[in-house]
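Written below as structure tokens is the structure these notes are about.
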Amino acid sequence: MLVQFYNVSKVYGNGVKALNDISLKIDRGEFIFLMGPSGAGKSTLVKMLIREEVPTRGQIFVASRSIVRMKRSEIPVLRRNIGMVFQDFKLLENKTVAENISFAMKVVGAGAQDMRQRVPEVISMVGLKGREDSFPNQLSGGEQQRVGIARALVNHPLILIADEPTGNLDMDTSMEIMELLYDINRKGTTVIMATHARELVKNSFKRVIMLEAGSVCSDECQGEVSK
């Protein structure tokens with residue numbers, strides 16, 4: 003078991019209940035869609051996984067380690083094992099494709115030789131060979147998101163979390179990004195994708211966890227989202 007939530011609740015200081023007694027188990031190699039309306043608790047759940055937030059009550063384990071009891075000094079090690087892909091890409095505008103990706107390796111202390119080997123690997127993996135020296139403003143939205151995915155993958159994470167990764171993309175480009183995420187998952191990386199886009203989930207035959215008002219209202223291993 004890779005991720006376990008046990009009776010996790012989160013109440014913010016202003017009294018807002020973001021999560022209510024959530025229990026979940028995610029196996030290695032799964033592809034999970036995390037769905038629900040705005041305010042359902044998706045963002046809070048994601049923040050819990052990267053230890054940006056801690057539960058008011060309950061326990062969370064990642065790779066058998068309690069991240070609730072984790073020391074502050076251990077948090078960077080946790081985050082090294084979790085790649086993040088964002089809706090708005092969050093690329094460094096003054097750095098090229100290759101530099102954006104290698105920067106993610108530098109911050110975890112990777113050596114120059116590792117970077118020379120790994121950066122071209124992930125650039126090729128996401129279909130951007132030949133664009134290494136391009137800057138973000140020279141790329142389409144889909145290409146920028148591919149850079150974001152390459153950056154998230156470059157440190158060999160156990161988990162890839164994609165937070166509305168197709169939110170700023172048209173449908174054709176969204177489908178291309180989905181195929182890339184499915185391919186990454188087939189190669190063994192666990193993928194957790196938060197999305198509003200029901201059309202991407204329909205007939206995907208992946209597990210869909212639906213949140214509503216901070217609770218899990220359905221958890222089904224199928225493509226169709228039932229309501």
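Numbering (the working numbering), first residue to last: 3 to 229. All C-beta atoms, glycine included, are put in the ideal place defined by N, C-alpha and C.
Nearest-angstrom Cβ-Cβ length linking residue i and residue j, presumed shorter than 8 Å
i, j, result
"Val64", "Leu51", "7 Å"
"Asp165", "Val87", "7 Å"
"Leu162", "Asn83", "Actually they do not touch by this definition, with Cβ atoms about 10 Å apart."
"Ile34", "Arg209", "5 Å"
Residues of its chain near residue i, where Cβ-Cβ distance is below 7 Å and the 5 sequence neighbours each way are ignored
i, result
"Gly31", "Gly190 and Thr192"
"Lys44", "Leu36, Gly38, Ala196 and Leu213"
"Ser136", "Thr98 and Val99"
"Met72", "Arg53 and Leu80"
For residue i, three-class secondary structure by DSSP
i, result
"Met37", "strand"
"Ala114", "helix"
"Tyr184", "helix"
"Thr168", "coil"
"Ile179", "helix"
"Ser228", "Annotation note: pLDDT 47 at Ser228 (below 50); position unreliable, coordinate value reported separately. If DSSP states are grouped into helix, strand and coil, Ser228 belongs with coil."
"Gly43", "coil"
"Val13", "strand"
"Gly85", "strand"
"Ala199", "coil"
"Glu222", "strand"
"Ile52", "coil"
C-alpha gap between residue i and residue j, whole angstroms
i, j, result
"Glu134", "Leu202", "29 Å"
"Val124", "Gly17", "43 Å"
"Gln89", "Arg120", "24 Å"
"Glu222", "Asn22", "19 Å"
"Glu95", "Pro122", "20 Å"
"Asp116", "Met107", "9 Å"
"Gly15", "Glu76", "25 Å"
"Asp29", "Gln6", "9 Å"
"Lys92", "Gly169", "13 Å"
Proximity to residue i [Cα-Cα], best of the options
i, options, result
"Ser25", "Met127, Arg188 and Ser217", "Ser217"
"Met127", "Met177, Arg81, Leu155 and Lys108", "Leu155"
"Leu80", "Leu141, Asn157 and Ser136", "Asn157"
"Thr58", "Asp185, Lys19, Glu145 and Lys92", "Lys19"
"Arg153", "Ser176, Gly113, His198 and Ile103", "Ile103"
"Ile179", "Lys49, Val10, Gln146 and Gln140", "Gln146"
"Ser11", "Ala42, Ala112 and Met3", "Ala42"
"Ser66", "Arg118, Lys204 and Tyr8", "Tyr8"
Neighbourhood of residue i by C-beta, 8 Å cutoff - its chain only, sequence neighbours within 5 removed
i, result
"Leu182", "Val128, Gly129, Arg148 and Ile151"
"Ile211", "Leu26, Ile34, Phe35, Leu36, Met37, Val218, Ser220 and Asp221"
"Val110", "Pro78, Arg82 and Asn157"
Same chain, Cβ closer than 6 Å to residue i, five either side skipped, listed in chain order
i, result
"Val13", "Lys19 and Thr58"
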